[in-house]
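Protein chains: 2
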Amino acid sequence: MAVRLASQWELKEGVERGDVAVVIDVLRCSSTIATALHNGALGVIPVKTLAEARALHRKNPNFILAGERGGVKPEGFQLGNSPREFTRDVVEGRYIILTTTDGTRTLAGVSGARLVFVASFLNAETVVEASLREAGRLKAGITLVAAGRMRGFSLEDHLCAGLLASRLVEAGAKPDDAAYAAILAYKQAEKDLLGHVRRGAHARGLESLGLGEDVDYCIRVDVMAVLPVLEKSVDFPYGVVKPAKA
Amino acid sequence: MAVRLASQWELKEGVERGDVAVVIDVLRCSSTIATALHNGALGVIPVKTLAEARALHRKNPNFILAGERGGVKPEGFQLGNSPREFTRDVVEGRYIILTTTDGTRTLAGVSGARLVFVASFLNAETVVEASLREAGRLKAGITLVAAGRMRGFSLEDHLCAGLLASRLVEAGAKPDDAAYAAILAYKQAEKDLLGHVRRGAHARGLESLGLGEDVDYCIRVDVMAVLPVLEKSVDFPYGVVKPAKA
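Chains as they are written, first to last, in the numbering used here: chain E, 1 to 246; chain V, 1 to 246.
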């Protein structure tokens with residue numbers, strides 16, 4: 001099976017090819033989704049705009065309204081996009097409406113794919129195992145989608161793609177050029193992953209907002225055995241991310 | 001000064017910002033241009049389409065008509081795009097009309113930039129030194145443009161960008177996330193650059209056309225002190241690449 005790293009203009013190809021799509025937005029959407037589901041949230045509903053999020057919340061006032069713009073919690077929202085806010089006492093047994101700058105847009109962009117997982121460093125191995133299993137079952141390829149690339153390249157998403165790709169290739173998958181380059185970068189960076197990610201634009205932006213602890217939190221590998229999968233829904237335009245059996 | 005690695009949708013930004021643009025198409029356009037100028041060609045005229053190339057040749061029958069489609073020399077062309085064909089006895093004192101799938105399109109795409117250099121592994125250090133000098137003089141940034149990325153990501157162009165960026169950063173330039181990732185990949189690959197490039201789609205394609213020797217030829221670092229610069233021209237829509245004083 002093939003493993004590809006998609007840029008914006010290759011995303012559509014991956015969906016049309018019937019690939020298993022793996023969405024990566026390390027800082028912080030993917031890490032927040034993994035954490036919320038790990039802590040017992042029933043599902044995360046990705047939406048693109050603040051207006052969509054607020055409208056959905058008016059219809060479903062028992063859902064938690066969460067997200068960010070420019071890294072900051074929008075007015076009237078209950079939670080921002082810091083995974084450290086999504087603790088068990090806050091999210092257990094609840095649905096969460098989430099809108100973020102890159103991550104939820106990317107989820108919306110791949111919502112037509114036959115199968116979509118959400119990956120971060122936190123749940124890397126669980127997603128790798130499920131991707132291999134499902135791509136094998138479906139006789140499909142795997143497209144890794146680095147969310148940061150929708151609006152420009154993101155170092156931490158590229159490195160996370162490199163980690164996932166390196167494990168997929170070890171298991172026999174064939175990388176395309178972009179996945180191969182990401183593997184090289186990851187292997188060079190893996191001994192000091194946090195140090196390298198901190199050099200990136202996104203981590204520096206979070207530092208400057210006083211959210212540097214989120215970077216430390218998100219750059220931990222294989223600490224949660226949670227498998228977020230995007231399920232289609234008649235109620236929500238881009239589906240709901242739910243915890244699947246890993 | 002900033003050094004950025006441009007993808008297709010960031011290219012325009014770099015031109016508008018007034019950056020020095022460095023076009024990289026290792027296999028094989030950049031390597032062919034470096035070789036031709038090193039061997040005494042007066043200039044290389046990049047054009048986008050076969051029709052443009054043929055029309056220009058009819059007007060200038062003393063120019064050499066060269067290029068490729070699908071890696072192969074088009075009908076009626078005098079040379080293909082193999083740098084090994086551009087020997088001194090063939091090109092010295094001549095102008096060359098060149099049309100290739102990615103490289104010359106990328107040159108056309110950046111022809112509005114204030115200053116455009118053409119880089120390959122062959123002439124890496126010469127381009128690095130000139131870029132630092134000119135970006136300093138112009139108080140501008142440097143945008144590395146990996147041609148392969150216009151139609152998808154290219155491993156060898158990414159690694160060449162990583163080599164250039166690593167040297168620019170050693171000299172004090174600040175990398176963006178994409179340039180930083182390319183540096184990581186290059187550092188991981190540099191001990192066996194040819195081996196890694198051969199894993200890429202482009203090198204495998206050339207091998208399958210019996211052009212594997214072109215890959216060996218192009219993956220040699222700092223063997224030519226030639227500085228190809230794109231000069232504007234009233235006669236040619238995208239200018240002429242000429243050898244500048246290094």
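Each residue gets a CB set at the ideal place from its N, CA and C atoms; glycine is no exception.
It should be emphasised that the depicted structure is a prediction, and the values quoted were computed from it without experimental measurement.
For the stretch 90–137 of chain E, the continuous alpha helix (DSSP H) assignments of 4+ residues that do not extend past its boundaries occur at 103–109, in sequence order. Proximity of E/S131 to chain V, defined by a Cβ-Cβ separation below 8 Å, is not satisfied. For V/L37, the CB contacts under 6 Å within the same chain, skipping 5 residues up- and downstream, are V226, P228, P243 in chain order.
Against chain E, the beta carbon of V/K187 has neighbours under 8 Å at Q188, listed in chain order. At the C-beta level, E/L209 and E/V215 stay beyond 8 Å of one another. Shown here, E/G76 sits in coil according to DSSP, grouped into three states, outside any helix or strand. Residues of chain V whose Cβ lies closer than 9 Å to the Cβ of E/D192 do not exist; the shortest such Cβ separation is about 11 Å. Assignment of V/V215 by DSSP, reduced to helix, strand and coil, places it in the helix class.
Per DSSP, the beta-bridge partners of V/G67 are V/T99. V/K59: member of the alpha helix (DSSP H) spanning 50–59, first to last residue. The beta carbon of E/A53 is closer than 7 Å to those of V47, L65, G67, I97, T99 in its chain, skipping five residues each way along the sequence. Against chain V, the CB of E/S166 has no partner CB under 8 Å away; the residue lies outside that interface.
Under the Cβ distance rule, E/A201 counts among the residues neighbouring chain V, one pair being separated by less than 8 Å. In the three-state reduction of the DSSP assignment, E/K187 falls in the helix class. Membership of V/K242 in any alpha helix (DSSP H) is not indicated; the residue belongs instead to the beta strand (DSSP E) covering 240–244. Among the residues of the stretch 154–178 of chain E, those with a Cβ less than 8 Å away from any Cβ of chain V are S154, L155, H158, L159, D176, D177, A178, in the order of the chain. V/V169 carries a helical assignment under DSSP once its states are collapsed to helix, strand and coil. One thing to note: E/I142 has its Cβ within 8 Å of the Cβ of E/V22. Contact between V/A113 and V/D19 holds, since their C-beta atoms are separated by about 7 Å, short of 8 Å.
Around E/A124, no beta-carbon contact reaches into chain V at under 7 Å, the shortest distance being about 18 Å. E/K12 sits in a helix when the DSSP states are folded into three classes. Identification of chain V residues near E/L206 by a Cβ-Cβ cut-off of 7 Å yields none; the smallest Cβ-Cβ distance measures about 14 Å.
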